[in-house]
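Visitor:
2 protein chains.
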Amino acid sequence: MSIHSLDPVFHPRSVAVVGVSSNPNSTGMGSFYASLLESGFAERGGLYPVNPKVDEINGVPCFPTLMDTPDPVDHVISQVPARFVPELVDQCIAKKVRSIHFFTAGFSETGDQDMAVVEQQMIEKLRLAGIRAIGPNCMGLYVPSSKLAFMGGFPMESGNVFLLSQSGANAGEVVRDLTNRGVRFSKVVSYGNGADLRAHDFLDYAAQDEESKVVAAYIEGVQDGRKFFEALQRCARVKPVIVLKGGRTQSGSQAAHSHTGSLAGSIEVFDAVCRQTGALRAETMDELQDLIVAVSTNVRQVNGRGVALFAGGGGGFAVLSADAIDREGLTVPRMPQSAVDQMREYVPVAGSSVNNPIDAFPPSEYLDEMLRLIATAEGMDMVFMSPMIDRSRWQQPNSPDKDDSKDGENTRETVVNEIARQMKRLQDDTGTPVIGVIRGGGMARMMGIDSDDFLVSTYRQGIGSFSSVSRAARTVTQLLQWRENRQGLPDLS
Amino acid sequence: MSIHSLDPVFHPRSVAVVGVSSNPNSTGMGSFYASLLESGFAERGGLYPVNPKVDEINGVPCFPTLMDTPDPVDHVISQVPARFVPELVDQCIAKKVRSIHFFTAGFSETGDQDMAVVEQQMIEKLRLAGIRAIGPNCMGLYVPSSKLAFMGGFPMESGNVFLLSQSGANAGEVVRDLTNRGVRFSKVVSYGNGADLRAHDFLDYAAQDEESKVVAAYIEGVQDGRKFFEALQRCARVKPVIVLKGGRTQSGSQAAHSHTGSLAGSIEVFDAVCRQTGALRAETMDELQDLIVAVSTNVRQVNGRGVALFAGGGGGFAVLSADAIDREGLTVPRMPQSAVDQMREYVPVAGSSVNNPIDAFPPSEYLDEMLRLIATAEGMDMVFMSPMIDRSRWQQPNSPDKDDSKDGENTRETVVNEIARQMKRLQDDTGTPVIGVIRGGGMARMMGIDSDDFLVSTYRQGIGSFSSVSRAARTVTQLLQWRENRQGLPDLS
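Chains as they are written, first to last, in my numbering: chain S, 6 to 498; chain F, 6 to 498.
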């Protein structure tokens, strides 16, 4: 295996945070030093706070300038104001650092021509010295295997999703929200204005990175159209790539210009590029997240439009869910009469429906049989399973009905794990993909189920779950469309 | 004020629960007795459990039959299996009850012709005796002023929203979810198959009910088209009425038939009826809830499509939000240059945008000034305000940064209340409606803001808030469309 030229950027052994704030407990945007304390990078050694105005942080001495730090410094995080950047660039060259991440904003994205020139000059200088730059105007790197993080609360467990994002807050949102769904990341990079390293560089890196099985991108503007197209094409040949383009509309493209100095270009061209290269296109943040879950799970195996909907939330929920499935481009085929007749042997007629959607609570000893019947019935290409309100199925009669104690929580987690295992078993036994749907808010609470727990438990079983029926259906439709677009390209499923 | 003939149905002084379960602690669907214990109805006296197989529940004696209960019984909740219903009907007539709610299912909705006949016969019998029936196959009544509730956890504070729903679980979902947004209800009725009392009866009642200012309906099928049209027309003349039709699609309409025996009819006709009568049409459960919030708050005052977006969640969030606003039919007008220049006097250039959308954190002493400038700038018909990540604005420097203690929660609640008051002040000072947007999940937690708290705090100030920019924008677009449809009808705004 060859070593990619960007490998050192993702795996620095030492980091200097220049312009560090004196309060290491402050969290949120720009709290790089605090995040690297929390991530465990500091414990490994090789974390150097730099600020001439600060003597020490939590007892750790602060270096007045980069030049005063011990050798070597692989990676520099710049938090200094823009006017100090030229001096810092000179010091980075003198110090022979390998890469620099400019959190510092105030360059080309301001629309100020002078600052755009400064940005260009500093990148030129760094390039001549062989130093790669991330940014300016961005959050930089989250790499669990290197113990790098740019916000607090990011898990230090590595995963298989590579995310590149011009926006740091959007990257943070994807990481936080998907972490709550069980997803883990290989590398995340927020690259802002992309003055040096850009989308095509990161796509090329992601394509060959063995740790990364799925690639996702939030992009506001593409600087080198041809290079981007080619890199996307190379990457999408070998891995699922999902692209969310910010600034699709007129209003959004103006906002993107103010944000990262991006010129949006034609959205039609961008969409055509996604189609031609075999990438998946997301239109919203929700879609981006849902598609990442989908390509990481059994949703990739769905091979048709027929949904068997096991709707454990009452008849009205079943009706609206069937509407949502239809609206999003899938179908809810009628259950064959033979299957209906078999189910009626153990499902009482009153208050239940065994047509599709299924809204029925059989005696628990018949549940597995009923689920297998549903999953193998003619026309059912997948099962959507929404956990049932019928708590007696999942709770022992003598377990507490309402219990906020630790024991109660354990019980609830066990319930969710049991449901997830049942879904996996059903899929293994029948070969039909089983997809989870969990409603948030009051309904999940009423069922005694924490929706985050459900999302995580099912994800760990390789089962894709979604927070509404319409999101699940839309995601499946997008994957089916994707497969169609990819005809002629290598099969990734 | 005349007394409507259905008033006694909504205000029974005594209730018998027939076929009561022996476990009063069981919650969830069908736990009517437990719900009436929790709601406080039992404390008032006049709650009678009936079941020949149960001696006592929690020390309260259980009556073997309805005939054994003390006189008078105003309202009967039937939990007995369908085969016992004819006998119960006879007892209700002998006992001279006023109304009966059949939770009991297994009638016309099963598709069984014999059971459909039984349903018709029992309703005929009750009608002759002057007894009104709710259902069968439904959850019945939630009326805070009468201390009636059909599920646990419903608030006993009265509000101004009247909800009629064929589905009990959907009614429960609306109550639970909107309660978490600050909304309160006057009366809620789940009426299932609608064998006796139907949509038009409840619409007529809601139209004249002084407690009810907003009317919402979940309907799967309309039994008397003409009567429904006329009742909807009468009601929508005097109050905002929002209708969600379950079974809009082919799949959904099949499901509706299995659920409540409803025949869907043409959705085009239904939509035309909404338009002609001046009702609001919701397509999903989310839309129904958002529209209820909208017509109860300042969202009704919006009078144009221009959004000033104050996006406190980073530049990428601003970009995607602008895209969402555009996609949903509103606009994000460019900020006039004069306003930009004024803001630049106190907003630093780096890392901020003062065009629209606004992604900027001015020094706190300038925040009010900046917000007023935004709200009064040319072309801005409303402000969308998303709470800022900049916590220093809302937290005292010496307050705990991460604190899960009770004190910490109080601080967070104070923060949210302060933001809500600031939004109200901004609206009062400028005359421009200010609408709240709060992101759930990881981002809200990062901001130290509980999204439910934000929704409730703003609602209490008369400010409509939504869980995403796209939901806010779509809702405003629907209200603008509604106003257009209502030309020639009485002005409700």
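Idealized CB from N, CA, C, for every residue including glycine. Please read all numbers here as calculations on a predicted model, not as lab measurements.
State yes or no: is the C-beta of P17 (chain S) within less than 9 Å of the C-beta of Y53 (chain S)?
Guide: Walking along the first sequence from the start, residue 17 (chain S) turns up at place 12. Walking along the first sequence from the start, residue 53 (chain S) turns up at place 48. Their beta carbons are not under 9 Å apart, which means P17 (chain S) does not touch Y53 (chain S) by this criterion.
Visitor: Could you say which of F:N142, F:V352 and F:G270 lies nearest to Q84 (chain F) if we only look at CA atoms?
Guide: Numbered from its first residue, the second sequence carries residue 84 (chain F) at position 79. Considering only alpha carbons, the answer is F:N142.
Visitor: G318 (chain F) CB to nearest chain S CB: under 9 Å?
Guide: Position 313 of the second sequence holds residue 318 (chain F). For G318 (chain F), the answer is yes, since a Cβ of chain S falls inside 9 Å of its Cβ.
Visitor: Give the single residue among S:P338, S:D295, S:D60 and S:T70 whose Cα lies nearest to the Cα of V180 (chain S).
Guide: Residue 180 (chain S) sits at position 175 when you count from the first residue of the first sequence. That would be S:D295, whose Cα lies nearest to the Cα of V180 (chain S).
Visitor: Indicate whether at least one CB of chain S lies closer than 9 Å to the CB of H106 (chain F).
Guide: Looking up residue 106 (chain F) in the second sequence gives position 101. So no, H106 (chain F) is outside the interface.
Visitor: By the 10 Å Cβ neighbour count, where 16 or more other Cβ atoms means buried, how is I8 (chain F) classified, buried or exposed?
Guide: On the second sequence, position 3 is the one that residue 8 (chain F) refers to. Result: exposed.
Visitor: G230 (chain S): buried (16+ other C-beta within 10 angstroms of its C-beta) or exposed?
Guide: Residue mapping note: residue 230 (chain S) aligns to position 225 of the first sequence, counting from 1. Result: exposed.
Visitor: Whose C-alpha, out of S:A204, S:E288 and S:V300, is nearest the C-alpha of I330 (chain F)?
Guide: Here residue 330 (chain F) is taken as the residue at index 325 of the second sequence, counted from 1. Residue S:E288 is the option with its Cα nearest to I330 (chain F).
Visitor: Please state whether the Cβ-Cβ distance between M340 (chain F) and N361 (chain F) is less than 9 Å.
Guide: As a position in the second sequence, residue 340 (chain F) is number 335, starting the count at 1. As a position in the second sequence, residue 361 (chain F) is number 356, starting the count at 1. In contact: M340 (chain F) and N361 (chain F) (Cβ atoms closer than 9 Å).
Visitor: P368 (chain S) CB to nearest chain F CB: under 9 Å?
Guide: By 1-based counting over the first sequence, the position of residue 368 (chain S) is 363. No, its Cβ sits nowhere closer than 9 Å to a Cβ of chain F.
Visitor: Does any CB atom of chain F fall closer than 9 Å to the CB of N63 (chain S)?
Guide: Along the first sequence, one-based indexing puts residue 63 (chain S) at 58. Output row for N63 (chain S): interface = no.
Visitor: What is the rounded straight-line gap between the Cα of R377 (chain S) and the Cα of L431 (chain S)?
Guide: Locating residue 377 (chain S) in the first sequence gives position 372, counting from the first residue. Locating residue 431 (chain S) in the first sequence gives position 426, counting from the first residue. Going from the Cα of R377 (chain S) to the Cα of L431 (chain S) covers about 6 Å.
Visitor: Identify every residue that forms a DSSP beta bridge with D433 (chain F).
Guide: For the purposes of this step, residue 433 (chain F) is taken as residue 428 along the second sequence, with counting starting at 1. Beta-bridge pairing links D433 (chain F) to no other residue.
Visitor: Which residues does DSSP pair with T464 (chain S) in a beta bridge?
Guide: Position 459 of the first sequence, counted from the first residue, corresponds to residue 464 (chain S). Note on identity: in this sequence residue 464 (chain S) is Tyr, with Thr being the wrong assignment. None; Y464 (chain S) has no bridge partner.
Visitor: Please report how far the alpha carbon of T336 (chain F) lies from the alpha carbon of A323 (chain F), in whole angstroms.
Guide: Along the second sequence, one-based indexing puts residue 336 (chain F) at 331. Along the second sequence, one-based indexing puts residue 323 (chain F) at 318. In a straight line, the C-alpha of T336 (chain F) is about 13 Å away from that of A323 (chain F).
Visitor: Quick one: is R503 (chain S) near chain F, going by C-beta distance under 9 Å?
Guide: Residue 503 (chain S) lies beyond the stretch modelled for chain S, which goes from 6 to 498, so this question has no answer here.
Visitor: Residues of the segment 315-341 of chain S with a CB closer than 9 Å to any CB of chain F: list them in chain order, please.
Guide: Of all residues in the segment 315-341 of chain S, A316, G318, G319, G320, G321, F322, A323, V324, L325, S326, A327, D328, A329, I330, D331, R332, L335, T336, V337, P338 and R339 have a Cβ within less than 9 Å of some Cβ in chain F.
Visitor: At 7 Å on the CB atoms, spell out the chain F contacts of R253 (chain S), in chain order.
Guide: Sequence index remark: in the first sequence, residue 253 (chain S) carries index 248 (1-based). In chain order: D328.
Visitor: Excluding the 5 residues preceding and the 5 following V304 (chain F) in the sequence, name in chain order all residues of the same chain whose CB lies nearer than 8 Å to its CB.
Guide: Here residue 304 (chain F) refers to the residue found at position 299 when the second sequence is read from its first residue. V298, P438, I440, G469, T480, V481 and L484.
Visitor: Note down, in chain order, every chain F residue with its Cβ under 7 Å from the Cβ of E225 (chain S).
Guide: Start at 1 with the first residue of the first sequence, and residue 225 (chain S) comes out as number 220. Per Cβ cutoff of 7 Å: V324.
Visitor: Using DSSP bridges, identify the partner residues of E61 (chain S).
Guide: Indexing the first sequence from 1 puts residue 61 (chain S) at position 56. S:P66, per the DSSP bridge assignment.
Visitor: Return the residue from the list F:E114, F:L202 and F:S113 that minimises the CA-CA distance to R137 (chain F).
Guide: Locating residue 137 (chain F) in the second sequence gives position 132, counting from the first residue. Cα-wise, what sits closest to R137 (chain F) is F:L202.
Visitor: I'd like the list of long-range same chain contacts for R49 (chain S), defined as Cβ closer than 7 Å, with 5 residues on each side in sequence excluded.
Guide: The residue labelled residue 49 (chain S) in the question sits at position 44 within the first sequence. Counting only Cβ-Cβ distances below 7 Å, and skipping sequence neighbours, we find K152.
Visitor: By how many angstroms is the C-alpha of N165 (chain F) removed from the C-alpha of I465 (chain F)?
Guide: Position 460 of the second sequence, counting from 1, holds the residue named residue 465 (chain F). Position 160 of the second sequence, counting from 1, holds the residue named residue 165 (chain F). Note on residue identity: the sequence assigns Arg, not Ile, to residue 465 (chain F). C-alpha separation (whole angstroms): 13 Å.
Visitor: With a cut-off of 8 Å on the beta carbons, I'd call V59 (chain F) and L41 (chain F) a contact; round off their distance for me.
Guide: As a first step, residue 59 (chain F) must be located in the second sequence, where it is residue number 54. As a first step, residue 41 (chain F) must be located in the second sequence, where it is residue number 36. In fact, because the Cβ distance is near 16 Å, the residues do not count as touching under 8 Å.
Visitor: For a test of the three-state rule: what should DSSP assign to V85 (chain S), helix, strand or coil?
Guide: Position 80 of the first sequence, counted from the start, is the residue given in the question as residue 85 (chain S). In this structure, V85 (chain S) counts as coil in the three-state DSSP scheme.
Visitor: Any idea which residues DSSP pairs V439 (chain S) with across the strands?
Guide: Along the first sequence, read from residue 1 onward, the residue named residue 439 (chain S) stands at position 434. Per DSSP, S:V388.
Visitor: Using the Cβ count rule (16 or more neighbours within 10 Å means buried), how would you classify Q259 (chain S)?
Guide: As a working note, residue 259 (chain S) is residue 254 in the first sequence. Classification for Q259 (chain S): buried.
Visitor: According to a CB-to-CB cut-off of less than 8 Å, which residues of the segment 261-279 of chain S neighbour chain F?
Guide: So the list reads A261, S263, H264 and T265, given in the order they occur along the chain.
Visitor: Does A110 (chain F) have its Cβ less than 9 Å from a Cβ in chain S?
Guide: Numbered from its first residue, the second sequence carries residue 110 (chain F) at position 105. Yes, A110 (chain F) lies at the interface with chain S (some Cβ there is under 9 Å from its Cβ).
Visitor: Span of the alpha helix (DSSP H) holding Y210 (chain S)?
Guide: Here residue 210 (chain S) refers to the residue found at position 205 when the first sequence is read from its first residue. First-last of the alpha helix (DSSP H) with Y210 (chain S): A204 to Q213.
Visitor: If we count the other Cβ atoms within 10 Å of its Cβ and call it buried at 16 or more, is E225 (chain F) buried or exposed?
Guide: Within the second sequence, residue 225 (chain F) is the residue found at index 220, counting from 1. Buried: at least 16 other Cβ atoms inside 10 Å.
Visitor: Within a Cβ cutoff of 8 Å, which residues of the same chain sit near R349 (chain F), ignoring the five residues on either side of it in sequence?
Guide: Translated into the one-based positions of the second sequence, residue 349 (chain F) becomes position 344. Within the same chain, R349 (chain F) has close Cβ partners V359.
Visitor: Between V312 (chain S) and G334 (chain S), what straight-line distance do the alpha-carbon atoms span, to the nearest angstrom?
Guide: To locate residue 312 (chain S), count along the first sequence from 1; it is residue 307. To locate residue 334 (chain S), count along the first sequence from 1; it is residue 329. Going from the Cα of V312 (chain S) to the Cα of G334 (chain S) covers about 11 Å.
Visitor: Looking at the C-beta of R171 (chain F), does it have a partner C-beta in chain S at a distance below 9 Å?
Guide: By 1-based counting over the second sequence, the position of residue 171 (chain F) is 166. Here residue 171 (chain F) turns out to be Gln, not Arg, going by the sequence shown. Q171 (chain F) counts as touching chain S.
Visitor: Count the C-beta pairs between the segment 144-159 of chain S and the segment 117-133 of chain S that are closer than 8 Å, then say yes if the count reaches three, no if not.
Guide: Touching, no, given that fewer than three Cβ pairs across the two stretches are closer than 8 Å.
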